[in-house]
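J.: Below is the structure I would like to discuss, written out as structure tokens.
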Amino acid sequence: MMNEKTTKQQKSTAVQTTGHAWDGDLQEFNNPLPRWWLWSFYATVVFALIYWLLYPSWPWRDSWLHGLKTVTFTVGKEKVTTDWNTRAVLIQELEEGRSATVQREFMEKIAKVDFGEIQKNPEMLAFARSVGKGLFGTNCAACHGRGGQGVVGLYPNLTDDDWLWGGSMEKIQETLTNGRNGFMPAFGETLNPQQLDDVATYVLTLSAEAPQSEASDRGRELFQGYGGGCYACHGKDGKGQQSLGSANLTDRIWTIANVPEKQTLEDKKAAVKQVIANGVQNRRVMPAWKDRMSPNEIKLMAVYLHQLGGGQ
Amino acid sequence: MAQEATEVLYQKRIPIFPRSVKGIFRRLKYGILILAYGIYFLLPWLRWERLNAPDQAVLFDIPGRHFYIFGLAMEPQDVIWIGGLLVIAAMLLFFVTGIAGRVFCGYFCFQTLWTEVFVLIERLIQGERPARIRLAQAPWSAAKLGKLGATWGLWLLVAFWTGSTFTLYWDNAPELIVAMARGEAPFAAYATTLFLSATTFVMAGLAREQVCTYMCPYARFQSAMFDKDTLIVAYDERRGESRHKPARNLKSREQRRAQGMGDCVDCGYCVQVCPTGIDIRNGLQLQCISCALCIDACNTIMDSLGWPHGLVGYTSENAQQGGATRIIKPKTIGYGVILLTAIAVLGWSIAHQVAYNATVEQIRQPLYATLSDGRIQNSYEIKLNNRVTRPLTVRIGLEDLPGAELDVGGLEQVTLEPQQRLQVLAKVRRAAAGKQGQQHFTFVITPVGGVQAEPAHRPSVFYLPE
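Which chain is which? The protein sequence lines are A and B, in order.
The number in the numbering used here is simply the position in the first sequence, starting from 1, with 2 added.
The number in the numbering used here is simply the position in the second sequence, starting from 1, with 49 added.
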């Protein structure tokens, strides 16, 4: 067996030249490419041809070659099939991608359980915060501010624990679904300037912004009696009624008159007086969201808002 | 003319038919082959109990972003460990190559291992080297077609087994294999299997030594690590030359010496066993993968002649010139120090993997809110990440903020499932009186159940109206 003839591969080959010669002795080495390289090159050509056939490729007249591959996605409830393009692929991914599926499943889970159960489940609360933040930015932030801090005098602060219309998840859900219309009549015509001053003084004493005085006693008479009639909405104790959306005047939160910002008693009184005289009209309108958000989204937003500051 | 030009420009592969050989290196290489195949093919089937993930000892779950190696659970942020592993792999390669040459190529590289298995199959079906050469040169016939078909069939089987095993590392093996058989597995599983099967078949069955010679970058840059002390497989020219067949009066070494002949009997065995088709007697060549089979071949012949081993053997350039081979040299020490450092750093890092992460982020819009009782409320998003495969319960508390009330959504404790990430909203309430502006304090996250771990202290700030 040892005498077997060695094959071609074992003979060392001398370096070949292409046979061309320039300037007498200038020659070119021929280092041949391996055959597999050539086949790989042909394979890439074949790949390119198939690619051109399937995907958008060459400009063609006023348009381009669209390719045979298609993408199907839904618009509303309709299935749409188009030529393959990255925008359609993105839409499809947003509908059917893994994240979209997981989000949808979670949404359905939240839709099924009641608020009490959600409140006990940190995972659902975290999901509501994460999705709620986006929905809030789209729908609510224009008025209530990006963080829900609101604007005093216009849009209520959603990060505190004071709720005009009730702070339970159910109440918040109701507020979002149907909207709210806060209203306070103007007393500028009913009460004379002295009475206005007295009522304002009394209101300030409710939250210890002003000391009790004869003026405040007179104000209380007006507040709790038929003279002013404030109690009808705000209650005898001034704590408001959530069914009417009337403000609690005994807490430290001011939603219309910016009392905490004022330094002197006179300024505070003036701010309160202005609200009593002019009322709150056409500035406390919360639109209904039932046509813009799905019931599930509204439910999720109720959870989000409940967590934001201090739900009840 | 065109035909000629093609012939010149593109060189056709000259097929190589390695002859089998017996010897110490061959046995060693088969041992490594069995070990490597055993690990590669059986590892996906090895079970390891887990609460939240498939009970697979080695599992790389890409969609879930969880990677498991036995008891070690990793997440994408541990990618730095791959960096450490790559540094170790590179340094180990440099270290070993500096001392003993292309050990990786000859003994451990999967190209070498899979080619060996494919050659074994080829020999099993078609016979020893002369028979294979005859078959290759024979005209097409039913017998030839049958033999080649059987070879290719077995190759395809091994290639497919290789490809599907690779796929099994990325999902729960027993479920995935059933899903694949039923046609319910993800596209990626089929694509990976197909790709790996195809490349295994092409690389180990058809391309073989061309991968090492033309494609592999390691083959080329390993020569940069060679020096005069690096072990190489070499032919002892001074002992072997001049070559001559053992003719009538050239049977013993003495006779040969007297006539100016060396020990090489020019049998060609070393050339025939070479998987890359070179003649080791021509000196160190870039095609040589240091598989050492020519050593076994030559030693077999020397044994049969009763002459000493080592006409072809491991040596170094210094040893060839009569000097000693140094193993401890600046290069070895340098690579060795980096290698040990990298192993130590990676080992320390893995051993000190934290059980959980906790970060506190203040909600900055608004910074604070006045509550109806006049107190001030600040909100914080606390991100918790359980890094281990057991549940973890933590209690969140405050430090250095007297008179403050903490509300974590009404939860006393927060329980994280194995490897769960969770964000909880913490509200801190405090009277507006006293020091205004900022107040520095600390959130203390204390593990109270499940995994034993140190409490985490996270500094934060409480803002009051100015």
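The C-beta atom is built at its ideal place from N, Cα and C for all residues, glycine as well.
Nearest-angstrom Cα distance between A/Gly21 and A/Tyr44?
T.: As the crow flies, the alpha-carbon of A/Gly21 is around 27 Å from that of A/Tyr44.
J.: The stretch 261 to 295 of chain A: which residues have C-beta closer than 8 Å to a C-beta of chain B, in chain order?
T.: Pro262
J.: Grouping DSSP H, G and I as helix and E and B as strand, with all else coil, what is A/Asn194?
T.: coil
J.: Over the uninterrupted beta strand (DSSP E) stretch that includes B/Ser509, give me the two end residues.
T.: 505 to 512
J.: Are the Cβ atoms of A/Asp200 and A/Leu224 separated by less than 8 Å?
T.: yes
J.: So, for B/Leu95: in the same chain, excluding its five sequence neighbours on each side, which residues have a beta-carbon less than 8 Å away from its beta-carbon?
T.: Gln105, Ala106, Val107
J.: I'd like the ranges of any alpha helix (DSSP H) spanning at least 4 consecutive residues and lying wholly in the stretch 218 to 298 of chain B.
T.: 222 to 231, 236 to 249, 266 to 270, 286 to 289
J.: May I have the straight-line CA-CA distance separating A/Asp219 from A/Val205, to the nearest angstrom?
T.: 11 Å
J.: Can you give me the Cβ contacts of B/Asp315 inside the same chain, cut-off strictly under 8 Å, excluding the 5 residues immediately before and after it?
T.: Arg292, His293, Lys294
J.: Which residues bound the alpha helix (DSSP H) around A/Phe138?
T.: 124 to 141
J.: Given a cut-off of 8 Å, decide if B/Ala341 and B/Val437 are closer than it, judged by their beta-carbon atoms.
T.: no
J.: Would you report the Cα separation of A/Lys301 and A/Gln175, rounded to the nearest angstrom?
T.: 6 Å
J.: Please check if any C-beta of chain A sits within less than 8 Å of the C-beta of B/Leu335.
T.: no
J.: Using a Cβ distance threshold of 8 Å, determine whether the stretch 69 to 87 of chain B contacts the stretch 451 to 461 of chain B, with at least three qualifying pairs required.
T.: No, the stretch 69 to 87 of chain B is not in contact with the stretch 451 to 461 of chain B.
J.: Go ahead and label A/Ala202 buried or exposed: buried means 16 or more other beta carbons lie within 10 angstroms of its beta carbon, across all protein chains shown.
T.: buried
J.: May I ask you to list the residues that DSSP assigns as paired with B/His115?
T.: B/Asp110
J.: Does the pairing of the stretch 273 to 288 of chain B with the stretch 364 to 384 of chain B give three or more beta-carbon distances under 8 Å?
T.: yes
J.: Span of the beta strand (DSSP E) holding A/Asp85?
T.: 80 to 85
J.: Let me know if A/Trp291 comes out buried or exposed under the rule of 16 or more other beta-carbons within 10 Å of its beta-carbon.
T.: The residue in question, A/Trp291, is buried, as its Cβ has 16 or more Cβ neighbours within 10 Å.
J.: Counting only the same chain and skipping the five closest in sequence on each side, list residues whose C-beta sits under 8 Å from that of B/Tyr239.
T.: Excluding five sequence positions before and after B/Tyr239, the CB atoms of its chain that fall closer than 8 Å to its own CB belong to Met229, given in chain order.
J.: Note down, in chain order, each residue of its chain lying with its Cβ closer than 7 Å to the Cβ of B/Met310, except the 5 sequence neighbours on either side.
T.: Ser291, His293, Leu299
J.: Just to confirm my understanding: we take B/Arg287, look at its own chain, exclude 5 residues before and 5 after, and list those with CB closer than 7 Å. What are they?
T.: none
J.: Which residues of chain A have a Cβ atom closer than 8 Å to the Cβ of B/Ile412, listed in chain order?
T.: Gly149
J.: Would you mind working out which of B/Phe236, B/Ile445, B/Pro440, B/Val394 sits nearest B/Lys432, comparing C-alpha positions?
T.: B/Ile445
J.: Closest Cβ-Cβ distance between A/Asn159 and chain B: below 8 Å?
T.: Yes, its Cβ sits closer than 8 Å to a Cβ of chain B.
J.: Under the rule that 16 or more other beta-carbon atoms within 10 Å means buried, what is B/Val361, buried or exposed?
T.: buried
J.: Tell me whether A/Arg182 sits in a helix, a strand or coil according to DSSP, three-state version.
T.: strand
J.: Does A/Trp66 come within less than 8 Å of chain B when only Cβ atoms are used?
T.: no
J.: List the residues of chain B that A/Glu312 touches, going by C-beta distances under 9 Å, in chain order.
T.: The sequence shown places Gly at residue 312 of chain A, rather than the Glu named in the question. Residues of chain B passing the Cβ test: Ala418, Leu420, Ser421, Gln426, Asp456, Lys476, Arg478.
J.: If we require 3 or more residues per run, which beta strand (DSSP E) segments fall completely within the stretch 273 to 309 of chain A?
T.: Whole beta strand (DSSP E) segments, 3+ residues: 282 to 288.
J.: Against chain A, which members of the stretch 235 to 267 of chain B pass a CB distance test of less than 7 Å?
T.: Within the stretch 235 to 267 of chain B, the residues whose Cβ lies closer than 7 Å to some Cβ of chain A are Ala256, Gln259, Tyr263, listed in chain order.
J.: Compare the beta carbon distance of B/Trp204 and B/Phe167 with 8 Å and say whether it is the shorter of the two.
T.: Going by beta carbons, B/Trp204 and B/Phe167 fall inside the 8 Å limit.
J.: Does the stretch 418 to 430 of chain B come close enough to the stretch 242 to 256 of chain A to have 3 or more Cβ pairs within less than 8 Å?
T.: yes
J.: Does the beta carbon of A/Arg222 come closer than 8 Å to any beta carbon on chain B?
T.: Chain B, which has no Cβ nearer than 8 Å to the Cβ of A/Arg222, makes this no.
J.: Looking at A/Phe75 and A/Ala90, is the spacing between their C-beta atoms short of 8 Å?
T.: yes
J.: Please list the partners that B/Lys61 has in chain A, where partner means a Cβ-to-Cβ separation under 8 Å.
T.: Arg37
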